[in-house]
Amino acid sequence: MFLCFEIFLFLAFNVHDSVHAQDSSCCHHAIELSPCREACDQLSTIKSESRLKHLLQRLPSYCPESMSELWICINSTLPGASRKSDGWVGLGCCELAISADCRRECKLASSKNDITKVCKKDSEKPLYSCVTKNEMGSVCCSYAGRHTNCREYCQAIFRTDSSPTVSQIKAVKEYCQAISPQVIGCVGNYTKSYPIRSPIDSLFCCDRAEDAHCQSACRRILRTMTTEHEIIDGLIRECRRQPLPQDPLWQCFLWSSHALPKSVPDTSPTAKMDGAKLHCCSKANTSRCREKCQEISTNWGTQTWQEFDQLCEYNPVESDLVTCLADVREPCQLGCKDLTYCTNFNNRPTELFRSCNTQSDQGAQSDIGLWANGTIKMPFMNIPVLDISKCRPDMWRAVACALQIKPCYSKSRGSVICKSDCVDILTQCGDRRRFHEGQSPERICNRLSPTDDPERCIPLERYLTPSALGNIIEEVIHPCNPNPCPSNHLCEVNRKGCQPGQDCLPYFCVPGCKLGEASEFLVNMDALIQVPVHSGQVGCFEMCTCGQSGRLENCVEMPCIDTSKTCIVGGQRKNHGTSFKVDCHPCSCFAGDTICSTRQCLGPESSEEDHHHFTGLPCGCPDQFVPVCAQNGRTYPSACVARCVGLQDSQFEFGFCRNSNPCSPNPCPKNQRCIPNRRVCLSDTADFPCTQHECVGLPLVCDKTQLDPACDTANMEHSSLCLLYQRGKTLSYTGHCQDACRRPRPVCGHNGETYSTVCEAYSDRVAVDYPGRCHAVGAVSEYASDSGCSEIHCPPLSTRGCSPVTPPGACCPLCAGMLQILWNKEQMNVFAGLNQNQPVTVHDILKILRLHVSVPQCDVFGYLSIDSEVVVLIVPVDQQPTPLQIEACSKEAEKIDALINYGSPTLVSHVPLSAFLASEVKVSTLSSAGPPPPAGTSLSLGLLLCLLLAASFSSLAAV
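Residue numbering for the sequence shown is -21 to -1, 1 to 938, as defined by mature numbering (1 follows the signal peptide of the UniProt record, and there is no 0).
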């Protein structure tokens, strides 16, 4: 690419206005009305630094490097600028730099050449050693070409900070031998020369300690102690500081210490294991594939993938297993762009793909080159074909690209083209003279593509022509696709904004933990994770914590689940994990127990009078609104409804939960401060009390570098909740202070709770139903003929022509994607018991689900419905969302719905999400492209852009 790194930094932070004129003068080199011209012209109009930077990062997508005159002109606006490479392999090594100047230069660099002036090789040996390793890995693994598994095993050698293990080396040899001898040779040269590290290699980290005593002690410890355990204990004792990743000393030490000698062999439950893949093994339908899955997940150095591929990868009865493994290797993500060969897959921001990246683009081109030889080689058969450059070349290109880019569909997430397409292309272009006996297009396709269900296969017609969206400037962005972070970090959408003076990117790179030595699947630091036991025994799990060291730790065994037990429903046997419906109830079989929702149903034989009196509320309760607050923190619309969901009279009291003050009288000791902590609990409140406050010791010690803004009752903003409480203030809501929320303007949330402002509702992760105090309850059944909502004046929809959804118990519709989730309370109780008796809350669930929404133009809200389902809403944040943004939020909802219903490890690895049993999704669509609603819809959900915490990044969508 010709985009200059120095140029866009200079543009974004120094000479914003003056360079705009230069950019405009360059734009005449682009064709009038072309996407490149439109993007270039926008440089002179953008005033937001973050939006400018975002467009500059994407400008090469609209203006390719072949437009040399344009790029020469742009480059000449700043003398001495240099090109930015497609990927700086040393980015993940920058923390190993000894000097602060070198670290800063490294993070701004485009290549190794950019750091040589500041980073001297003789004094920055750890940095250059890491860069050399990454460069070597990039070269070695490129020899694997399109072969995903060979490339994965190769990358595992270079991604680890410690010396490669015997099992890792053996795995590369076994799987890559028949594919690319160059990979074997290249990896061999590296592993033979891998340096043996000693503690003194980390001496440079001691310079980062804050005080002289700690610096001196650090040097003494590293020179005299030998094991990592001894060293860490010594540093904690001498420096009197816990190993926090934001501490400069520990940040450096933890980055560089993984290769130090261990005090004991690694016997952790995740050693030499891929816990994410092991999750999938229980989905195998045959014992042989289950055994092979367990072998490749727990002893991956002695068993290659070839046998698994031949036995299971293309076995129709193992589609659930194959789909699950695909979710682990390549999770479905929204958006595809920047491809140079598979160009018909570009400009698809609201479609899901597994592998939209440069490697897959090149892989498709490589496949076409191989197929041009006249044979398509597969693990279990060879397919002879005619000259594909003359016989349906566009179709073959679509096939190669689809199999590499891998579009995801709602009911099948494997990479299978539709049967009719397969038969069509092989009928026309198969070389029948070379077909083996018994081969025919139909028989071949029966094995390769057994279905024509458009929701279970990839229809090639969709990709025979470019996207209908054209090269539009994006209304929907995907900051984490492709992943901009180092391999040991997760990418998270930035919804918080940035500290003053910080580089404000639309994403964060946060450290994570692998689910085992053999895994590349990462989970967030401090997350609770459910991992199958090492033996692979079906239904047995351990619950672990992702520790600060980047490894799973503090693992405790969970009660095993008897997956052999079945449920008898209507005379039919249902297996464990099977979801089904009984009347209008979504149900699931869990270890022999049938778990269903408590929705209200009208049977097919119901009379007209039954319909007339049917309220749609639990137990046929009247739609009167006399709220009661239950011990689980949920406000129910009446005592009748509270009793119907199983609460005793002693477990609730009249009034809204938010009207009570949990700190009056003060329940905390004298030396502690009581802070309200309102929450709705999903675990049993009898065993795990759902306290609505917490006691905080004084004085508070806060991390001033943390950014998690909060607004106090005086409308003063604090950079974190801790600082707000440290200053003795009272919280109004979390997030940036908003002028529109200075004065109380009550609103009713979807949870039936009244909030003093819309900001307060949003910070509680609850979307607004209607303005004013709650005074009605909506139906939770689609059969209800009437409800108390008849007198409610609903705000207009955020976008005209939207086909809205109405959340259960709410009165007003909205444009959003909605999930209704059936969950297992017994599992929630297990998780609470194993987590120091901490109750599981709705906020816990929403916090994790929010990480799975990758589009900044959408955000997550939710509540516990009065029929005891978890309702999750994925809502556009713009005041007047475009059809594309509404579609993106709906696609995000469909993605999460599929992850729940397929039991994907990307979701069910997380506690408490693994208690989800089934999900139903409803999404908004645009029936017509009508004009936007009038301005002044002040309490519509569209105000989320202005009022929601960290709404600053939704403005990136308007680039």
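All residues carry an ideal CB built from backbone N, CA and C; glycine is no exception.
Residue state for G707 is assigned as coil, using DSSP reduced to three classes. Taking C-beta separations shorter than 6 Å and ignoring five residues to either side along the sequence, the partners of I94 in its chain run E84, C85, A88, following chain order.
Spatial neighbours of A377 in its own chain (CB-CB distance under 8 Å, excluding positions within 5 residues in sequence) are listed in chain order as N323, L439, Y442, L443. In the structure shown, G254 adopts helical secondary structure according to DSSP, grouped into three states.
Taking a cut-off of 8 Å on C-beta distances, the stretch 413 to 420 does not touch the stretch 370 to 389, as fewer than three cross pairs fall below it. Spanning the alpha carbons of L896 and R216 requires a straight line of approximately 46 Å. Here the alpha carbons of E434 and P884 stand approximately 21 Å from one another. For G491, the enclosing beta strand (DSSP E) stretches over residues 486 to 493. Using a C-beta cut-off of 8 Å, the stretch 813 to 833 makes contact with the stretch 658 to 672, since at least three inter-stretch Cβ pairs fall below that distance.
The DSSP-derived three-state label of N113 is helix. Beta-carbon to beta-carbon, V620 and P644 are separated by about 29 Å, too far to satisfy the 8 Å threshold. V118 and E292 have their C-alpha atoms spaced approximately 29 Å apart. About 20 Å separates the beta carbons of C401 and S368, which is beyond the 8 Å limit, so they are not a contact pair.
For W67, there is no enclosing beta strand (DSSP E), as DSSP marks it with neither H nor E.
The C-beta separation of M46 from A9 comes to about 7 Å, placing the pair in contact by the 8 Å criterion. Annotated as proximal: M797 and A872, with beta-carbon spacing under 8 Å. Residue range 398 to 408 is occupied by the alpha helix (DSSP H) that includes L405.
Look at F810 here: in three-state DSSP terms it is helix. Contact between C5 and R16 does not hold, since their C-beta atoms are separated by about 11 Å, which reaches or exceeds 8 Å. The Cβ-Cβ distance between N638 and S446 does not fall below 8 Å.
Excluding its 5 nearest sequence neighbours in each direction, V68 has C-beta neighbours in its own chain below 6 Å: N113, E114, S117, listed in chain order. Around the C-beta of K271, 16 or more other C-beta atoms lie within 10 Å, and the residue is accordingly described as buried. By the neighbour-count criterion, in which a residue is buried when 16 or more other Cβ atoms sit within 10 angstroms of its Cβ, K96 is exposed. In this chain, the beta strand (DSSP E) harbouring C690 covers 689 to 691. Within its own chain, the residues whose Cβ lies closer than 8 Å to the Cβ of V548, once the five positions on either side in sequence are excluded, are F559, V561, C566, C568, T573, listed in chain order. Here A157 is exposed: its Cβ has fewer than 16 other Cβ atoms, across all protein chains shown, within 10 Å. If you look at N503, you'll find it in the beta strand (DSSP E) that goes 501 to 503. Bounds of the alpha helix (DSSP H) holding M374 are 372 to 384. Annotation for L703: A689, D691, H697, L710 place their beta carbon closer than 7 Å to its own, counting only its chain and skipping 5 residues before and after. Among the bridge pairs identified by DSSP, E696 is matched with C690.
Per the C-alpha coordinates, the member of I824, G550, A867 positioned closest to V854 is A867. A direct Cα-Cα distance of roughly 17 Å separates M252 from V535.
Note on geometry: alpha-carbon atoms of T111 and G124 lie some 21 Å from one another. With fewer than 16 other CB atoms across the displayed protein chains lying within 10 angstroms of its CB, Q551 is exposed. For V301, the enclosing alpha helix (DSSP H) covers residues 298 to 308. When the beta-carbon positions are compared, F631 and A609 come within less than 8 Å of each other.
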